[in-house]
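One structure is given below, encoded as structure tokens.
Protein chains: 2
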Amino acid sequence: MNGENNFFKSAFSVDNVIFGFDDGDLKVLLIKRGAAPFQGLWALPGDLVYPNEDLDTAAYRVLEELTGLKKVYLEQVHTFGAVDRHPLGRVITIAYFSLVKISDFTLTPSSFAQNVEWHNVDKAMKSELAFDHNTILETCFNALTHRVRIRPVGFELLPPKFTLTELQHLYEALLRAELDKRNFRKKILSMSLLIDLDELQEGVPHRPAKLYQFNKDRYHQLEAHGFSFEVKESKKKEKKKRLAELIAQ
Amino acid sequence: MNGENNFFKSAFSVDNVIFGFDDGDLKVLLIKRGAAPFQGLWALPGDLVYPNEDLDTAAYRVLEELTGLKKVYLEQVHTFGAVDRHPLGRVITIAYFSLVKISDFTLTPSSFAQNVEWHNVDKAMKSELAFDHNTILETCFNALTHRVRIRPVGFELLPPKFTLTELQHLYEALLRAELDKRNFRKKILSMSLLIDLDELQEGVPHRPAKLYQFNKDRYHQLEAHGFSFEVKESKKKEKKKRLAELIAQ
DNA sequence: GAAAATGCTGTTATTCTAACACTAACTTCC
DNA sequence: GGAAGTTAGTGTTAGAATAACAGCATTTTC
Numbered sequence: 039m040n041g042e043n044n045f046f047k048s049a050f051s052v053d054n055v056i057f058g059f060d061d062g063d064l065k066v067l068l069i070k071r072g073a074a075p076f077q078g079l080w081a082l083p084g085d086l087v088y089p090n091e092d093l094d095t096a097a098y099r100v101l102e103e104l105t106g107l108k109k110v111y112l113e114q115v116h117t118f119g120a121v122d123r124h125p126l127g128r129v130i131t132i133a134y135f136s137l138v139k140i141s142d143f144t145l146t147p148s149s150f151a152q153n154v155e156w157h158n159v160d161k162a163m164k165s166e167l168a169f170d171h172n173t174i175l176e177t178c179f180n181a182l183t184h185r186v187r188i189r190p191v192g193f194e195l196l197p198p199k200f201t202l203t204e205l206q207h208l209y210e211a212l213l214r215a216e217l218d219k220r221n222f223r224k225k226i227l228s229m230s231l232l233i234d235l236d237e238l239q240e241g242v243p244h245r246p247a248k249l250y251q252f253n254k255d256r257y258h259q260l261e262a263h264g265f266s267f268e269v270k271e272s273k274k275k276e277k278k279k280r281l282a283e284l285i286a287q
Numbered sequence: 039m040n041g042e043n044n045f046f047k048s049a050f051s052v053d054n055v056i057f058g059f060d061d062g063d064l065k066v067l068l069i070k071r072g073a074a075p076f077q078g079l080w081a082l083p084g085d086l087v088y089p090n091e092d093l094d095t096a097a098y099r100v101l102e103e104l105t106g107l108k109k110v111y112l113e114q115v116h117t118f119g120a121v122d123r124h125p126l127g128r129v130i131t132i133a134y135f136s137l138v139k140i141s142d143f144t145l146t147p148s149s150f151a152q153n154v155e156w157h158n159v160d161k162a163m164k165s166e167l168a169f170d171h172n173t174i175l176e177t178c179f180n181a182l183t184h185r186v187r188i189r190p191v192g193f194e195l196l197p198p199k200f201t202l203t204e205l206q207h208l209y210e211a212l213l214r215a216e217l218d219k220r221n222f223r224k225k226i227l228s229m230s231l232l233i234d235l236d237e238l239q240e241g242v243p244h245r246p247a248k249l250y251q252f253n254k255d256r257y258h259q260l261e262a263h264g265f266s267f268e269v270k271e272s273k274k275k276e277k278k279k280r281l282a283e284l285i286a287q
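Spelled out as structure tokens, the structure:
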């Protein structure tokens, strides 16, 4: 320390990768920047942390300003601090990801942004984002992919009532793997994580599926005691991959 | 943004949880603080990040100043930023953990500390450390425990030549579980991670064990392709635990 | 050469995982 | 109202992985 005040010339921000799931697609909430730097590019929602504000509080604030939601899943992932990552000065940023149910709110663009939109995650990762947000998005997506194998966080992304097929599609989007329907159902049902609501889907042009809710108590139990969702993609696919690797060598 | 300069009054530091393994014991490197605040208490080595220095660079610098080591395992874990965590101002800290081979260097106390010592991790977690370093240590220990199940990082902590029993003791210390000797050997040998050196231990008062080296190429392969060291403790112990939980309810 | 200490090794029962195909229920269209 | 279209739902089996378990081998020390 020694009172070296030139250290106290930096700032820190939080950036929030807000994931949603809709229509079989994993999505991320992006803001089109209305001002320089990077005007016109899409960026992750974020803000400087206030001088007397905790980091998590700042992340929740950003989330709430944008979505109106308070109690959602939020997790710190990584801090990015390359010297030149921000053109206006030394600003490091603490990246969070959160999981929301898209149906829980409607988007209301905040003051500093022209536009807020859900973007397909794959497409967003391939397009150019402001600052180092491509790196941040990728890191957070990897963290989510990893987390979903260890905790049943998938449920944070689904509406309160869902079908087994919807759940499977979510896991397939998160794990980037094709799963076997029967094995998936057997596994997920054997965890007693789901409550059968004895209700059926309505308004679908085919046989309606049963609706399920997830069991919060059991969820917290699994959270505490560890959880392993080691779903492997079908062997067909694995073989293809291995072959591709062999060829690449 | 908008040039609000009162944001630029904060600083950030890195703190490094340096783990070592010796004598069957997981250890952490701590510094006794020679100056206020928290004078006399043990603390994690750390420093403010220089204005034009990347975060990882700062973490490596702290590590090198203390140990002289350059190429060691280092990983960012979490950022701690409670408003009041530092008595002298708003300082958030980015926590890293690193894994070193204790035999690779000798400790040379740096200028700002009276004393540097290896501490047993369990004891250190129970004693009072400076700042929020108890929380940081615990978080990093959990991260290590988790990491070791996914990557073969254990080898970073062992000397170049080691016996299977030493390796098993390391895993037991990290996973806090007692492992079956035969199953452990079968599993670890089947990964072809180890190279049999055709050498024997010397100077032990009993039958000497074979020495092994680990296979770097194979290690990097496993790092890239995923790895699962799902060693479970013996059922006896699990049963005991479950019983204890039942009683506790 | 006996005692003490740790090294080393293989088999079996059980559990978990992966592969796989057909019938059921509902809607729409003719 | 029946045929076609669409998704829901369901069980068995072979193979792989895991967990449990005990006794002889090699070295030092006394």
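Top line first, the protein sequences correspond to chains A and H.
Okay, so the first sequence: first residue is 39 according to this note's numbering, each after it adds one.
Okay, so the second sequence: first residue is 39 according to this note's numbering, each after it adds one.
The C-beta atom is built at its ideal place from N, Cα and C for all residues, glycine as well.
No experiment lies behind these values; they were computed from the predicted model shown.
Here's a check: name, in chain order, each residue in its chain whose Cβ is nearer than 7 Å to the Cβ of residue i, leaving out the five neighbours to either side.
i      : result
A/A181 : V115 and F135
A/A97  : V52, N54, L112 and Y134
A/G84  : S51, V52, D53, N54, V100 and T131
A/T203 : A247
H/T95  : none
Terminal residues of the continuous beta strand (DSSP E) containing residue i?
i      : result
A/T144 : Here A/T144 belongs to no beta strand (DSSP E), and DSSP marks it neither H nor E.
A/Q114 : Y111 to F118
H/E216 : Run containing H/E216: none; DSSP gives neither H nor E here.
H/D234 : L232 to L238
H/F252 : K248 to F252
H/L82  : Unbroken run through H/L82: none, as it is neither H nor E.
Mind checking if residue i is an interface residue toward chain A, Cβ cutoff 7 Å exclusive?
i      : result
H/T117 : yes
H/D92  : yes
H/I69  : no
H/R128 : yes
H/I132 : yes
H/K199 : no
Got a sec, what are the start and stop residues for the alpha helix (DSSP H) residue i sits in?
i      : result
H/Q206 : L202 to L213
A/D94  : L93 to T105
A/H171 : H171 to I188
A/K161 : V159 to K164
Could you pull out every residue in the same chain whose Cβ sits closer than 8 Å to the Cβ of residue i, ignoring the five residues on either side in sequence?
i      : result
H/V186 : G192, Y209, L212, L213 and F267
A/T201 : Q239, A247, K248, L249 and Y250
H/G264 : I188
H/G78  : K70 and R71
Which one or two residues does DSSP pair with residue i in a beta bridge?
i      : result
A/A133 : A/D53 and A/H116
H/D63  : H/D60
H/L195 : Partner(s): none; H/L195 has no beta bridge.
H/L167 : H/W80
A/S48  : H/S48
Taking CB distances under 7 Å as the criterion, tell me whether residue i reaches chain H.
i      : result
A/A215 : no
A/V121 : yes
A/P190 : no
A/K278 : A caution first: A/K278 carries a pLDDT of 39, below 50, which makes its placement in the model too unreliable to give a value.
A/P83  : no
A/P89  : yes
A/A286 : Because A/A286 sits at a pLDDT of 37, beneath the cut-off of 50, its placement in the model cannot be relied upon, and the following sentence gives the value as read from the coordinates. So, not an interface residue.
For residue i, which residues from the same chain have a beta carbon less than 6 Å from its beta carbon, with the 5 sequence-adjacent residues on both sides left out?
i      : result
A/L64  : V159 and A211
H/T105 : F143
A/G62  : H207
H/N221 : none
A/G127 : none
Should the segment 131 to 138 of chain H be regarded as contacting the segment 50 to 69 of chain H, the criterion being three or more beta carbon pairs within less than 8 Å? yes
Counting pairs of Cβ atoms below 8 Å between the segment 194 to 201 of chain H and the segment 92 to 104 of chain H, do you hit three or more? no
Would you call the segment 161 to 169 of chain A and the segment 217 to 226 of chain A in contact, with 3 or more CB pairs under 8 Å? At 8 Å Cβ cutoff, the stretches do not touch.
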